[in-house]
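Heads up: the sequence shown is residues 524 to 671, going by our numbering. Cβ atoms here follow ideal geometry from the backbone N, Cα and C, with glycine treated the same way. One structure is given here, and the rest of the page talks about it.
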Amino acid sequence: MLKVLSPVPGRAVGLSEVPDPVFAQGMVGPGTAVQPTNEPHEALAPITGTIVKLHPHAFAVADDEGRGVLAHLGIDTVKLEGQGFEKLATEGERIEAGTPLVRWNPADVAARELSPIVPVVALDVASDVISRAVTGEVAAGDVLFQWA
Numbered sequence: 524m525l526k527v528l529s530p531v532p533g534r535a536v537g538l539s540e541v542p543d544p545v546f547a548q549g550m551v552g553p554g555t556a557v558q559p560t561n562e563p564h565e566a567l568a569p570i571t572g573t574i575v576k577l578h579p580h581a582f583a584v585a586d587d588e589g590r591g592v593l594a595h596l597g598i599d600t601v602k603l604e605g606q607g608f609e610k611l612a613t614e615g616e617r618i619e620a621g622t623p624l625v626r627w628n629p630a631d632v633a634a635r636e637l638s639p640i641v642p643v644v645a646l647d648v649a650s651d652v653i654s655r656a657v658t659g660e661v662a663a664g665d666v667l668f669q670w671a
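Okay, structure coming up:
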């Protein structure tokens, strides 16, 4: 059982609350979302593994069994072209769950009239592989859901 951790502090709300139909309808993959606290913080690796993609606004980590988890820092934040995000790791790097990957401030994203919500999804799997998705307040590093 793989435990997927929250990359950010805030309130776990479920994918249906993401203001983007691709995430909200689970087309990217099953998971949940976190409405982050409006303060600067570091987004953490949700699992132990290798960073397979690292953009300023999003990252994907795959474990040794090939299970990938994507965390997307806000919606449409690709439009910011990296402004307000600082990468703290390197693509291809092997990391432990909880390793800081990106420094950002959700309040800055919201000030640009974009949603700072953070979808966290399991990649390339059916929706029934995740369980125990939490809701309510979470700290960065708390378990968000489990992957069978």
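By the DSSP assignment, the beta strand (DSSP E) with residue i in it spans what residues?
i	result
Ala583	581 to 585
Ala594	591 to 595
Gly572	572 to 578
Pro530	No beta strand (DSSP E) holds Pro530; DSSP gives it neither H nor E.
Val644	641 to 645
Whole angstroms is fine: what's the gap from residue i's alpha carbon to residue j's?
i	j	result
Ile653	Ser539	15 Å
Ile574	Val541	24 Å
Trp670	Lys526	6 Å
Thr560	Asp586	27 Å
Gln606	Pro563	14 Å
Pro468	Val648	Residue 468 lies beyond the range of the chain shown here (524 to 671); nothing can be said about it.
Ala663	Pro530	5 Å
Lys610	Gln548	29 Å
DSSP state of residue i, grouped into three classes?
i	result
Thr600	helix
Glu616	coil
Leu611	coil
Ala556	strand
Ala547	helix
Leu567	strand
Leu624	strand
If you follow the alpha helix (DSSP H) that residue i is part of, which residue opens it and which one closes it?
i	result
Ala746	What is shown of the chain runs 524 to 671, which leaves residue 746 out entirely.
Val652	Segment: none, Val652 is in no alpha helix (DSSP H) and carries neither H nor E.
Ala630	629 to 634
Near residue i, which residues of its chain fall below 6 Å by C-beta distance, leaving aside the five closest residues on each side in sequence?
i	result
Glu565	Pro623, Arg626
Leu593	Ala583, Val644, Leu646
Pro532	Thr560, Ala662, Ala663
Apart from the five residues just before and just after residue i, which ones in its own chain have a Cβ nearer than 7 Å to its Cβ?
i	result
Pro544	none
Thr600	His580, Val632, Leu637
Is residue i near residue j, with beta carbons less than 9 Å apart?
i	j	result
Ile570	Leu637	no
Ala535	Thr555	yes
Val632	Leu596	yes
Pro629	Val551	no
Val657	Asp651	no
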